[in-house]
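Reviewing the structure listed below.
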Amino acid sequence: MFGPTIYKERRAALLAQLDQGIVLLLGNEESPKNYHDNTYRFRQDSNFLYFLGLDQPHLAAIIDIDAGSTTLYGTDPDINHVIWMGDLPSLSDLASSTGAEQTAAFSELPEALAKAKTAGRNIHFLPPYRGDNKIRLHQWLQIPLNDLGREASIPLVQAVVALASAKSEEEIAEMTKAVNVTRSMHHAAMQQARPGMKEAELAGLIEGIALSHEGDVAYPVILSVNGQILHNHYHGNTLEEGQLILVDAGAETAKHYAGDITRTFPVSTHFTTQQKDIYEIVLKAEQDSIAMSKVGSRYLDVHLSAAKIIANGLRDLGIMKGNVDEAVAAGAHALFFPHGLGHMIGLDVHDMEDLGEDYVGYTTALKRSTQFGLRSLRLGRALEEGFVITVEPGIYFIPQLIDLWRSEGKFMDFINYDALDSYRSFGGIRIEDNVWITSEGPKIIGEPIAKTVAEVEALRKG
Ligand code: GLY
Ligand code: MN
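Position 177 of the sequence shown, counting from 1, maps to 915 under the working numbering, and the rest follow consecutively.
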């Protein structure tokens, strides 16, 4: 964790945005995998990490808005903990490391909440996403389980988004570490892939690199010769000459900041001409979108510009036709680019998504589109100094979607369906970097990762 001053300052900034009452922040518990004592790797709640930094299960905090102080709720380790887990910090050690003014036993938390409720104080809590914390909030606050999302504090959600969207220097340093580990993962995949290997061998290799840097993967590795399946976690295919491999993988540092990078490369040492043609379009969309990602630019406009680059490139190849602006306005390009250009990234790979995507990526004046493709854009609003975002355009050939749209006679003026026959087993290409929005312009985070055709082929040949 960072030093206590950082967490005290973050909590003070949070309080300054709220009127009265208390803020309840729940840490995460251990999460059983197949029986109680066999758990998934522990992952602390990101809001708890942001405001307290403490990375242990079974903690909670009440931040008293009126008194301006924080009480940390937890349990002091006893000899049984020590026998199984070695020396653990006491509750007061944990409180000092985060600058919390008071401590109390976790078992006292329900009563503290009941008192606040009886006194008519506002109890601000964030929308819970784990079952155990939902049950606790339901029991402690007497809110029906299905109403917890609705009853969560919108002022608190808005305050957290306002504070955590712009990353500080120490956060950028952590995110740079995350991307540099991620770079090693991608370069290892590019260097070691060989025809005849299983996808799983590469996926295991790169996940191991994340773990070997005292971190984890920030999300399940996507590594597939079927890159057209967007969130594909199946790793059972054998690599064959002529195929493309799409790798979307990122490391999370020991402090839990995420990297999220995608590269696509050939199983052979060279791209085919058909692959290169599509690759160059995606690369132009990515590079131009990064250049456009400046303070004040609406990310919705950057997304639409990327869509036009894609539609224009596909028109040059005879796959699309007609007027590019009209095709993009109608959503025809989404046959090939059905997802959003990117999202915020920080402690979560999709940063703060637990708070509600639209609070993070949209405003009261800018509502999310309902159009296929555009509706998957998580971030539409104007970029601000300090944001860190992903830029990740892609072109995919999804046979099932092509067949569906063709059977429906969809966008016949913009799509040349006959030209798609030779792309049915193409797969997909996505290229993604993490970009810091600064007053001097966009900065790609981390050391450069092989990206041009020449750079990728050089690693494949090596
Ligand atoms: N890296 C996966 C995603 O952004 O959805
Ligand atoms: Mn991403």
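C-beta: ideal position from N, C-alpha, C; glycine also. Keep in mind the model is a prediction, meaning the values are calculated, not measured.
Whole-angstrom C-beta distance between residue j and residue i, which should lie under 8 Å
i	j	result
Leu940	Leu961	6 Å
Ser1031	Val1173	6 Å
Leu851	Leu879	6 Å
Trp892	Val919	Note on residue identity: the sequence assigns Ile, not Trp, to residue 892. Actually they do not touch by this definition, with Cβ atoms about 36 Å apart.
Leu1079	Tyr1037	7 Å
Asp719	Tyr867	The chain is shown only over 739 to 1200; residue 719 falls outside these bounds and no answer can be derived.
Ala1029	Pro1131	Incorrect: roughly 13 Å between the Cβ atoms, too far for contact.
Asn1154	Lys1059	5 Å
His862	Gly759	6 Å
Gln1013	Leu982	6 Å
Environment of residue i [buried if 16+ CB atoms lie within 10 Å]
i	result
Asp1151	exposed
Gly988	buried
His774	exposed
His971	exposed
His819	exposed
Met823	exposed
Phe780	exposed
Helix, strand or coil at residue i [DSSP, three-state]
i	result
Ser807	strand
Gln981	coil
Ala1070	helix
Ile892	helix
Leu1085	coil
Met1058	strand
Pro848	helix
His969	coil
Ala931	coil
Asn975	coil
Thr914	helix
Asp986	strand
Ala996	strand
Arg1168	strand
Pro1180	strand
Ile1127	strand
Pro882	coil
Tyr1017	helix
Residue i - containing beta strand (DSSP E), residue span
i	result
Ile800	798 to 802
Thr841	840 to 843
Tyr773	770 to 773
Met863	Checking the displayed sequence, the identity of residue 863 turns out to be Phe instead of Met. Start and end: 861 to 863.
Tyr1134	1132 to 1134
Range of the contiguous alpha helix (DSSP H) that encloses residue i
i	result
Ile760	Where Ile760 is concerned, there is no enclosing alpha helix (DSSP H), although the beta strand (DSSP E) it sits in stretches over 760 to 764.
Asp1096	1095 to 1099
Arg748	742 to 754
Leu961	Element bounds for Leu961: not the alpha helix (DSSP H) but the beta strand (DSSP E), 960 to 962.
Ile821	817 to 823
Problem set entry | Validate contact between the region 1010 to 1027 and the region 1115 to 1125 using beta carbons, cut 8 Å, 3 pairs | no
Exercise. For the region 830 to 850 against the region 1064 to 1079, are there 3 or more C-beta pairs whose distance is under 8 Å?
Worked result: no
Exercise. Are the region 999 to 1016 and the region 1082 to 1092 touching, with three or more C-beta to C-beta distances below 8 Å?
Worked result: no
For this session: For the region 797 to 806 and the region 748 to 755, state whether three or more C-beta atom pairs, one from each stretch, are separated by less than 8 Å.
Result: yes
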